[in-house]
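Trainee: Residue numbers (the numbering used here): 148 to 585. Beta carbons: idealized from backbone N, C-alpha and C, even for Gly.
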């Protein structure tokens, strides 16, 4: 059996490794357009900050996959066309062909580049892959004034990384609050924290980049900003150009797959950021490109290619990020998403503490909890604070996946100890406020 995987990121290598573990006699080939495999692009901001090195963004060197797992790696090999049972790839100046019995698209995502005047000027960067980080890092070392466009996860992380390096950082966001997929109450906590460290300009619609050969200025509809360097953090899109001529795309624009990660074409699978999935609460198709999902999708596809029957159940969109000491996380639906999905939304926002007042070191915790007003079924949570945010986000994620109601969460057996928590945990307080009497 010849299995060919297009893309050597986390999803592709997870799939390849699972196949070779279960069926070592299968011939498994991975085609990757760069020299990186099993890479961790989520770690790029921490390389920029100086906490790690680019080489550490690769979990395993290629030799592990080749020598220990028996996977055929084709590095710096770009697949340019896919046909039934065959593909064509380019390495250097030469084009060659390879045969397949089973094909897996693991092509990931690409930066979403806005059609802005001056976008091609030197010094305007987008980053989505470790190969981009080296050039950007060299430019950072020479720059003093850096403008970041976009305040999603990457924009927030890079704002921290660059300000930690002592750079003058200006962040532009076209919406009126950071982290657009959070509700305003939690986003405002982040806004106040970011304004202590960087120049934050909200409701600034980008107009143009200006400069002779290199970027010198960023122009919005309201103002102008000097810049030695610009980072576009304007989001990503599924990398489906190659797949779109061969398999069906879904309503999200990513590759449509079933629970087994099978596409519309027999013996063809799709995994990771190029594939869509479905939301566990709304049951609707979604595209949420996150590393844990990518790895699990690859694992599921690998098992099923070997004759198994493992299903990918869907996602909640659970995410967490930090800016300096502040941690911000969410799981499930935000208020707008819940309303759009047809729920009668009831929510509460509380400000609590991580420890009792009598125990030193406690900090504020900001929590928004959302439920359906009629059924009291939990729909989502957003949490910000300076400690123990991850644990609470994890708890709600498990509760959502288990179908908890507000009452179920209220009676959850959550531990208490003064050095670590309060007797009325913020999750318990919020659920009580939503009403547990019926």
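Around the C-beta of residue 442, are 16 or more other C-beta atoms found within 10 angstroms, so that it is buried, or is it exposed?
Mentor: Residue 442 comes out buried.
Trainee: For residue 258, which beta-bridge partners are listed by DSSP?
Mentor: In the DSSP output, where bridge partners are listed per residue, residue 258 has 383.
Trainee: Would you call residue 206 buried or exposed, if buried means 16 or more other Cβ atoms sit within 10 Å of its Cβ?
Mentor: Looking at its Cβ environment, which holds fewer than 16 other Cβ atoms inside 10 Å, residue 206 is exposed.
Trainee: Considering only residues of the same chain and omitting the five flanking positions on each side of residue 221, which have a CB-CB separation below 6 Å?
Mentor: Result list for residue 221: 178, in chain order.
Trainee: Mind checking which residues open and close the beta strand (DSSP E) that includes residue 416?
Mentor: Run containing residue 416: 415–417, per the beta strand (DSSP E) assignment.
Trainee: Where residue 164 and residue 202 are concerned, what is the direct C-alpha to C-alpha distance, given to the nearest angstrom?
Mentor: Taking the straight line joining both Cα atoms gives about 21 Å.
Trainee: Assign residue 342 to one of two classes, buried (16 or more other C-beta atoms within 10 Å of its C-beta) or exposed (fewer than that).
Mentor: Exposed is the call here.
Trainee: Going by DSSP in three states, residue 424 sits in which element: helix, strand or coil?
Mentor: If DSSP states are grouped into helix, strand and coil, residue 424 belongs with the strands.
Trainee: So, using beta-carbon positions, are residue 234 and residue 240 closer together than 8 Å?
Mentor: No.
Trainee: Take the Cβ of residue 570 as the centre, count every other Cβ of all protein chains shown within 10 Å, and call the residue buried at 16 or more, exposed below.
Mentor: Looking at its Cβ environment, which holds fewer than 16 other Cβ atoms inside 10 Å, residue 570 is exposed.
Trainee: Just to confirm my understanding: we take residue 224, look at its own chain, exclude 5 residues before and 5 after, and list those with CB closer than 6 Å. What are they?
Mentor: Same-chain partners within the cutoff: 178, 236 and 238.
Trainee: Do residue 280 and residue 195 have their C-beta atoms closer together than 8 Å?
Mentor: A contact, by the Cβ cut-off of 8 Å.
Trainee: Are residue 270 and residue 362 touching if we call contact CB-CB under 8 Å?
Mentor: Yes; because the gap between Cβ atoms is below 8 Å, this pair is in contact.
Trainee: Can residue 156 and residue 255 be called in contact, C-beta distance under 8 Å?
Mentor: Closer than 8 Å, so yes.
Trainee: Ignore the nearest five residues each way along the sequence and tell me which others in residue 386's own chain have a CB closer than 6 Å to its CB.
Mentor: 254, 255, 256, 257 and 421, listed in sequence order.
Trainee: Are the Cβ atoms of residue 275 and residue 188 separated by less than 8 Å?
Mentor: Contact: yes.
Trainee: Tell me, which residues are paired with residue 469 by DSSP?
Mentor: According to DSSP, residue 469 bridges with 474.
Trainee: Quick check on the DSSP output: the beta strand (DSSP E) that includes residue 519 runs from which residue to which?
Mentor: It spans 511–519 - the beta strand (DSSP E) in which residue 519 sits, taken as one unbroken run.
Trainee: Locate the beta strand (DSSP E) running through residue 237, then write down its first and last residues.
Mentor: That run of the beta strand (DSSP E) goes 233–238.
Trainee: Using a 10 Å radius around the Cβ and a threshold of 16 neighbouring Cβ atoms, would you call residue 398 buried or exposed?
Mentor: By the 10 Å Cβ count, residue 398 comes out exposed.
Trainee: Using CA coordinates, which residue listed in 446, 261 and 226 is at the minimum distance from residue 384?
Mentor: When each option's Cα is compared against that of residue 384, the closest is 261.
Trainee: Can you name, in chain order, every residue of its own chain whose Cβ lies under 6 Å from the Cβ of residue 192, other than the five neighbours on each side?
Mentor: Here the set comprises 304, 305 and 308.
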